[in-house]
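Colleague: This is the structure I have questions about; it appears just below.
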Amino acid sequence: MKLNIQEIRKQPEGLHFEQALDLAADLRIRNQEIIDVKDIVAVGKVQYEDRMYFLDYQLSYTIVLASSRSMEPVELAESYPVTEVFMEGATNQLDQEVLDDDLVLPIENGEIDLAESVSDNILLNIPIKVLTAEEEAGQGFVSGNDWQIMTEEEYQAQQAVKKEENSPFVGLQGLFDGDE
């Protein structure tokens, strides 16, 4: 969906929208970690004020990613607000500095591309750590021949037991227990 800046200017209270988008194929091309994205909905408005266009919307979608541990598909429901500021071509040095510092986004061809904004924000908000419900509950750790994944607490407890077993004084324990 493209939002024409002339239409936006005609609406002093802003141009409201509720748009369902199908961007799954585009997002999978841009990031191969994405298994699927569905139910993408953007609800908000775009408003013109003082030579700038303010795009505010609530973005909701369901994304399917592989688990960081087991590679099992994990479905995550996401919803968060997005605010972006756009400006037409720079007319003075200050405008150019604002555009160069990425404080505002440039408007190309007299339109604001909502689909591009939504795609970019979905890609920027992909979590690094993705776990299934079992993995989050502490189960589902992967193990193999002579190795396993464990929590830091489990590792510390294991190291304490090993340290106690390897102590040179372990053989002396109980030596004087009966001589009192």
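Note that my numbering numbers the sequence shown so that position 46 is 30, with each residue one more than the last. Note that the Cβ used here is the ideal one computed from N, Cα and C, for glycine as well.
#1: Under 8 Å, do Thr116 and Ser54 count as touching if we go by C-beta distance?
#2: What is the C-beta distance between Asn109 and Glu62, in whole angstroms, given that I count them as a contact (C-beta under 8 Å)?
#3: I'd like the span of the beta strand (DSSP E) that includes Val30, first residue to last.
#4: What residue from Phe1, Val25, Asn15 and Asp23 has the CA that sits closest to Ala50's CA?
#5: Helix, strand or coil for Gln132, going by three-state DSSP, please let me know.
#6: Give me the residue from Gln142, Leu89 and Ala141 with the minimum Cα distance to Arg35.
#7: What span of residues does the beta strand (DSSP E) with Asp97 cover, start to end?
Modeller: This is what the structure gives:
#1: Here the question's residue 116 lines up with position 132 in the sequence shown. Here the question's residue 54 lines up with position 70 in the sequence shown. The answer is yes: Cβ separation under 8 Å.
#2: Along the sequence shown, one-based indexing puts residue 109 at 125. Along the sequence shown, one-based indexing puts residue 62 at 78. About 7 Å separates the two Cβ atoms, so the contact holds.
#3: Working through the sequence shown from its first residue, we reach residue 30 at position 46. Ile18 to Glu33 is the span of the beta strand (DSSP E), which, as asked, contains Val30.
#4: Locating residue 50 in the sequence shown gives position 66, counting from the first residue. Checked all of Phe1, Val25, Asn15 and Asp23; the closest Cα to Ala50 is Asn15.
#5: By 1-based counting over the sequence shown, the position of residue 132 is 148. Gln132 falls in the strand class under three-state DSSP.
#6: Here residue 35 refers to the residue found at position 51 when the sequence shown is read from its first residue. Of Gln142, Leu89 and Ala141, the residue nearest in Cα terms is Leu89.
#7: Translated into positions along the sequence shown, residue 97 becomes position 113. Looking at the DSSP string, the run of the beta strand (DSSP E) that includes Asp97 is Glu95 to Asp97.
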